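Asks: Quick one: structure below, then a few questions.
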Amino acid sequence: MSKIALVTGSSRGLGRNTALSITRQGADVIVTYHSRADDAERVVAEIEALGRKAVAMQLDTGTTAGFPDFVERLRAVLDTIWQRQSFDHLVNNAGHGDAAPFAETTEAQFDTC
Ligand SMILES: NC(=O)c1ccc[n+]([C@@H]2O[C@H](COP(=O)([O-])OP(=O)(O)OC[C@H]3O[C@@H](n4cnc5c(N)ncnc54)[C@H](OP(=O)(O)O)[C@@H]3O)[C@@H](O)[C@H]2O)c1
């Protein structure tokens, strides 16, 4: 059975490179993105061209209220594409840099990074 890795924020940057590296090791990948769906679909196409399965899913890691919906969509994707109820590896990469003095950093800034 193929291993499945979920790489958050893999539509570009380090996450994309991680997803492609995992693909070359022989695993399938769930690609998540925040807003750049087209970039995520391009990564999916690259993974498929390497002979593995992949799917792109929207996820905002800064909004925990959206996690239950993501879990439901993830369960459906796992069942439909892999006929499984779980995945094997999580790479928690999503985020962005935000330069601000520690004492002035807000909770909202912290959550989005
Ligand atoms: N690059 C560095 O030198 C460096 C250094 C230290 C730490 N890091 C950390 O490593 C990670 C990747 O860095 P990177 O340079 O590759 O970043 P990047 O090129 O800006 O890519 C960020 C990725 O995270 C996604 N993303 C951004 N905000 C998100 C949110 N709120 N919820 C879900 N996904 C979100 C983006 O999705 P969209 O494409 O849809 O926007 C994209 O896939 C980040 O967590 C960053 O803080 C990077």
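Under my numbering, the letters of the sequence shown match residues 59 to 171, in that order. Don't be surprised by glycine CBs; every beta carbon is placed ideally from N, CA and C. Please read these numbers as outputs of a predicted model, since none were measured by experiment.
Which whole-angstrom value describes the C-beta separation of Thr81 and Asn150, a residue pair presumed to lie in contact below a C-beta threshold of 8 Å?
Replies: Contact flag wrong, Cβ pair sits at about 18 Å.
Asks: Are Arg74 and Val101 close, meaning C-beta to C-beta below 7 Å?
Replies: Their beta carbons are under 7 Å apart, which means Arg74 touches Val101 by this criterion.
Asks: Can you name, in chain order, every residue of its own chain whose Cβ lies under 8 Å from the Cβ of Trp140, other than the five neighbours on each side?
Replies: Result list for Trp140: Ser60, Ile62, Asp86, Lys111, in chain order.
Asks: Check whether the Cβ of Leu117 lies closer than 6 Å to any heavy atom of ligand 1, and answer yes or no.
Replies: Flag set: Cβ of Leu117 near ligand 1.
Asks: Could you work out which residue in Thr119, Asp156, Gln143 is closest to Tyr91 when comparing CA atoms only?
Replies: Closest option to Tyr91, Cα to Cα, is Thr119.
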